[in-house]
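Shown next, in structure tokens, is the structure this report addresses.
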Amino acid sequence: MTDPRPLIEIEGLHKAFGDLHVLRGDDLVVREGEVTVLIGPSGSGKSTLLRCINQLEEPTAGRVRIDGVTQGYAEQPLADGRWQRLSPRQIAAQRARIGMVFQRFNLFPHLTALGNVTEAPVQVLGRPRARAEATARELLERVGLADRADHYPSELSGGQQQRVAIARALAMEPELMLFDEPTSALDPELVAEVLAVLKDLAEGGMTMVVVTHEMGFAREVADQVVFMADGRILEHGTPEQVIDHPRSERLKGFLDSVL
Ligand code: ADP
Ligand code: MG
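Position 155 (the sequence shown) corresponds to 155 in the UniProt record's numbering; numbering is contiguous.
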């Protein structure tokens with residue numbers, strides 16, 4: 001059997017904010033349909049890595065390719081070998097292929113759950129409202145909220161709001177999904193319902209990168225676990241390799257703190 005094709009290819013990625021050198025030149029490949037769980041202490045660069053994948057940050061050096069196309073640049077170099085920067089509009093089009101869900105759900109407070117999931121397909125993709133609403137209802141059903149379509153965010157629990165945020169991202173029909181600590185802002189009893197949605201997505205074949213400290217989820221769902229510290233990837237491999245057989249003292253110490 002051949003490996004699935006690489007969907008995200010990160011090469012020599014550096015990101016600095018002034019003197020602060022946050023990402024320090026590592027490579028990473030995420031294959032189609034795979035789940036990558038990113039772990040590491042606070043400040044190690046996990047969010048910055050996701051933000052570079054999604055072009056919310058511009059790499060200082062190195063590159064990110066999605067489906068073979070370098071993010072932020074035209075597919076082919078110019079005749080003189082220089083690479084051509086894409087326009088903001090073209091970058092937005094690349095970004096639209098990637099769904100992102102944050103720790104804080106940031107739903108539109110004045111729109112119902114259905115309205116939140118319908119808004120971008122209508123405004124950004126130009127879908128007819130009736131069709132967007134039909135899709136939104138299917139997505140709300142998929143995240144277990146069919147009966148909450150007409151509720152406003154203030155009427156929903158944190159776990160329900162996060163599930164609406166996931167449905168909202170899925171409504172844009174992304175090729176891959178990035179999750180940045182999607183359960184860290186939730187009360188403990190609400191974590192499982194959100195992780196169940198992520199697991200269902202993974203089983204449906206969605207390519208996902210998930211920053212989380214939920215080791216049970218990582219063990220059960222991840223194809224690869226990546227441990228970052230100080231802007232470097234110190235260890236990566238299967239959950240068994242990384243979680244059960246850590247090699248470095250750094251990873252052992254980190255696992256002790258979260259397990
Ligand atoms: P993690 O998600 O692993 O906690 P981050 O990627 O958020 O880590 O942050 C890594 C480091 O980069 C931290 O020291 C953080 O303060 C710094 N950082 C992140 N974003 C910015 C920014 N926009 N400007 C300056 N420093 C930043
Ligand atoms: Mg972070």
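The C-beta atom is built at its ideal place from N, Cα and C for all residues, glycine as well. Just so you know, these numbers come straight off a predicted model, no measurement behind them.
Shown here, Leu-114 sits in a helix according to DSSP, grouped into three states. The beta-carbon distance between Lys-15 and Thr-60, rounded to whole angstroms, is 5 Å. This is short enough to meet the 8 Å contact definition. Nearest to Trp-83 by alpha-carbon distance, out of Gly-99, Phe-102, Gly-62, Tyr-152, is Gly-62. Our two residues, Arg-89 and Gln-103, have alpha carbons roughly 27 Å apart in a direct line.
By the neighbour-count definition (other C-beta atoms within 10 Å, threshold 16), Phe-179 is a buried residue.
The beta carbon of Ala-222 lies closer than 6 Å to those of Val-35, Val-37, Pro-239 in the same chain, with the five residues before and after it left out. According to the DSSP secondary-structure assignment, Asp-180 is paired through a beta bridge with Val-211.
Taking non-hydrogen atoms of the ligand MG into account, the C-beta of Asp-180 is found less than 7 Å away from one of them. With a cut-off of 8 Å on Cβ pairs, the region 45–55 is not in contact with the region 236–255, counting fewer than three such pairs. With respect to the 8 Å criterion, Arg-148 and Leu-139 are not classified as neighbours on the basis of their beta carbons. Taking a contact as a CB-CB distance under 8 Å, the pair Ala-113 and His-151 counts as one, their CB atoms being some 6 Å apart. Inter-residue distance for Pro-128 and Gly-12 is about 42 Å (C-alpha atoms, whole angstroms). In this structure, Glu-32 lies near Thr-207, with their beta-carbon atoms less than 8 Å apart. Where Gln-162 is concerned, the enclosing alpha helix (DSSP H) starts and stops at 158–170. Residues whose Cβ lies closer than 6 Å to any heavy atom of the ligand ADP, listed in chain order: Phe-17, Leu-20, Val-22, Gly-40, Ser-42, Gly-43, Ser-44, Gly-45, Lys-46, Ser-47, Thr-48.
The Cβ neighbour count for Gly-159, taken over all protein chains shown within 10 Å, is at least 16; the residue is labelled buried. Within the same chain, Pro-6, Glu-9 come within 6 Å of Val-29 by CB-CB distance, once the 5 residues on both sides are set aside. In this structure, Gly-40 lies away from Met-215, with their beta-carbon atoms at least 8 Å apart. Straight-line measurement puts the Cα of Ala-196 at about 27 Å from the Cα of Ser-44. For the set Val-210, Gly-205, Ala-192, the Cα lying nearest the Cα of Pro-4 is the one of Gly-205. Residue pairing for Asp-26: DSSP places it in a beta bridge opposite Leu-13. Put simply, the backbone Cα of Thr-135 is about 18 Å away from that of Leu-176.
Boundaries of the alpha helix (DSSP H) harbouring Gln-94: 88–95, taken from the DSSP string.
DSSP links Leu-38 through a beta bridge to Val-211, Val-226. The Cβ atoms of Ile-66 and Arg-97 lie closer than 8 Å to each other.
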